[in-house]
Structures are given as C-alpha cells and as structure tokens.
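Note sheet for the following structure.
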Amino acid sequence: MAILVTGGAGYIGSHTVKELKDRGREVVVYDNLSRGHRDAVGEVPLIVADLMDSKVLAKTIEDYNIDSVVHFAAESQVGESMQNPQKYYLNNVSGTLNLLKVMLDKDVKNIVFSSTAATYGEPEEVPITENCPKNPTNVYGRTKLMIEHILSDYDRAYGLKYVALRYFNAAGAHISGEIGEDHAPETHLIPIIMEVLLGKRDKLSIFGTDYATEDGTCIRDYIHVTDLAQAHILALDWLKSGNPSRAYNLGNGNGFSVKQVVDTVERVTGREIPVEYAKRRAGDPAVLIASSQKVRDELKWQPQFDDLDTIISTAWKWHSNHPNGYEGR
Ligand code: UDP
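For reference, each letter of the sequence shown is one residue, going 2 to 330 in our numbering.
The structure is reproduced here in structure tokens:
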C-alpha cells in the first residue's frame, strides 16, 4: 500500500514527502510541475501529470496500490486568484473534483487536504478556532472552502474520510538545508526578505504601517514547514485507524508583526535589511493567529520548530546555499 501525494514537488508537499520517506512510508508523487520542482522530490517515483488526467490518475492508483491521498496540488497565489479566478476554480475545484471521482471509482476513501487560514477571511476574534465564521476575502480562500464543503458532502454521501488542514503562515525549510521554498514569482514575506539579503532585491516593502496593531504592521502566525509536514502524517494515521473526518488549524498560536520578523532576521543573520514603508496590500487582515488546540488534543500534534529564530535560520540555510532555488529544475 502506498500514499499518493499530489503536489508533492511543491514547498509543503516536498517537505511532507521527505518526512513520510524518513518514516519508511511508501510514497508516489503526482505533480504537473507547473509550480513544483523535480529536484524537490528526491528518490521517490514522480508521475508528471495533471489532476484532470483521469486515465493517468487511475493508472497511478492501480500501479502503486494507493490506499490514501495527501492532496496539495493547487494554485495558491492570492493576488493572481483575484485577477484570474477561472484558473483557480478550474485547477483547484475542478481538479479536486476529478481527483475525488477517480479515488471513489478506485475505492480509495482517505484524503488529507491542504486547506488554509484564508478560509476564515477577516477574523472576528483571535486566536482563530475551527468554528470561527468562514468568509474568505479572496478567490484562493474561496476555492479551498468550497473543497472543504465538497469533502464534507462526499463523506456523508459516499463515506469518503478526510482531514482538512488549515495552514497559517508556512515558513522555514528542512533542517538539512536540502529542500526549501522556491516560488516564481515570490510573494511571501520571509523568502522576500531572503532575496533582499541575497542582493536580488534592493529592499523590502512593508505593506501597511497603519493597522490596529502595536507597531502598525500586520501580525501573522508563522509555522515551520516540517511541523506542518508532521501533521499530515498524524492525519493519515488518524484516518487509517478508522476515525471520523476532521478540519484542524495549524499554527503555533504566536503572532509576529512584519517589523518583528524583520528584526528577527537581522538578529539571526547579523545583516541589515533595507525597508521602505508602502501602502497596504489589498485583502490582508490585520491579525491572523491560530488556535491549534484541537489538533494538539486529538492528533497529539506537537510542533518541534515553533520559535521564530529557528524558522528563520532554517530558511536562511536553504536560501543562502541555494540562492537560485532549484535552478529551474
Ligand atoms: N508582506 C510585506 N511585504 C512583502 C510581503 C508580505 O509587508 O513584500 C506582509 C503582508 O502584508 C502580510 C505578511 O507580510 O502582512 C505576510 O505575508 P505573506 O504573503 O508572507 O503571507 P500571507 O499572510 O499573505 O499568507
């Protein structure tokens, strides 16, 4: 029996594949490499194909005796999702519907789904618990929330079991420095700061200094990518033991402002980061902090790299050793 990891060549996917492999699990990666990197996958079978390709999906499930799926494959840029919603509804929603159809055809009924804090939108209260209202403010978040509804309906009607993991701000890189984050274009705070340190950008633009926070900049809950990866393994085991479907938040429960992140990077790397103060970025909530009590209680999830210094030092290890990421591979 093997685990199919869609989007396993991407950032969080590749870290999850590595953790699964390190635990001796049999893994197959399914990725169209539109965003992912061949070199991020390591010594694992990689099927280069699209989620819409039912034939290849069905054959992969048969050939590798797949009994569960971890589903990362998706478009994930908030700004782009607003400009090109069709791409997001087709790739994320239709792609998942197709995957689920093939899974049900082949009687594969366990799936761990990559969801997001963006399903909540502007929170009414922090820390955010799983029951908080869900009003996504962008198309990306809406596609993920739609998929959660689809999973719930398929559970009721077809007995599909799922765990949806709502990530807060994924960051950092594997402690080995062998794999890490490589997006083109890069939109996330910590890798952008790394690009400034590497001389690839002149400065960091801080988006908004007039938020209702102590220093006026947005507060986020940064979570190490390996801690996210561990949660996927716990979720797979939860489903394999016959437990019911669940949705969990994944964050550390600690908020850091953009300025605090900059200060921490300067302290950890011993280098100065030139910044400019810019306008707010549309759709950015002031504060996003997770309550992850539910996943700690039920899955016994315990983050290992939950301090910002470690998150940043592992990111710096990856970026300084791979200034051009995976070099296009
Ligand atoms: N941010 C920023 N400058 C940048 C990129 C991001 O000030 O060049 C801010 C952004 O406004 C947000 C925080 O950093 O408050 C984290 O943004 P990121 O895109 O990393 O994650 P998000 O919270 O949007 O998922």
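Each residue gets a CB set at the ideal place from its N, CA and C atoms; glycine is no exception.
Just so you know, these numbers come straight off a predicted model, no measurement behind them.
- Taken through DSSP and simplified to helix, strand or coil, K260 comes out as helix.
- Cβ-Cβ separation between A230 and K318: approximately 17 Å, too far for a contact (criterion under 8 Å).
- Looking at the DSSP output, G122 shares a beta bridge with N136.
- Taking a C-beta distance under 8 Å as the contact criterion, I180 and K19 qualify as a contact pair.
- Relative to the ligand UDP, the nearest heavy atom lies less than 7 Å away from the CB of R221.
- The continuous beta strand (DSSP E) containing L5 extends over residues 3 to 7.
- By the Cβ criterion, the region 108 to 120 is in contact with the region 141 to 155, since at least three pairs of Cβ atoms, one from each stretch, lie closer than 8 Å.
- When beta bridges are read from the DSSP output, E277 appears opposite S206.
- Contact between the region 256 to 268 and the region 232 to 242 is not established, with fewer than three Cβ pairs separated by less than 8 Å.
- Look at the region 145 to 220 and you find these whole runs of beta strand (DSSP E), each 3 residues long or longer: 162 to 168, 170 to 172, 205 to 208.
- Beta-bridge annotation (DSSP): V70 is paired with L5, I112.
- Within the DSSP secondary-structure output, V288 pairs in a beta bridge with I220.
- R330 sits in coil when the DSSP states are folded into three classes, being neither helix nor strand.
- Between the region 195 to 214 and the region 278 to 289, the count of C-beta pairs closer than 8 Å reaches three or more; the two stretches touch.
- Taking the Cβ atoms as the reference, G252 lies roughly 3 Å from F169, within the contact range of under 8 Å.
- Using a C-beta cut-off of 8 Å, the region 234 to 243 makes no contact with the region 182 to 191, since fewer than three inter-stretch Cβ pairs fall below that distance.
- Under the 10 Å beta carbon count, R272 is surrounded by fewer than 16 other beta carbons and is classified as exposed.
- For the options G200, Y155, N93, D308, the alpha carbon positioned closest to that of D228 is the one of D308.
- Along the length of the region 39 to 96, whole alpha helix (DSSP H) runs at least 4 residues long occupy 55 to 64, 79 to 84, 86 to 89, reported in chain order.
- A Cβ-Cβ contact shorter than 8 Å links T17 with V6.
- K295 is positioned such that its CB atom lies no closer than 8 Å to that of Y327.
- With a cut-off of 7 Å, the C-beta of F208 is classified as near the ligand UDP, since at least one heavy atom of the ligand falls inside that distance.
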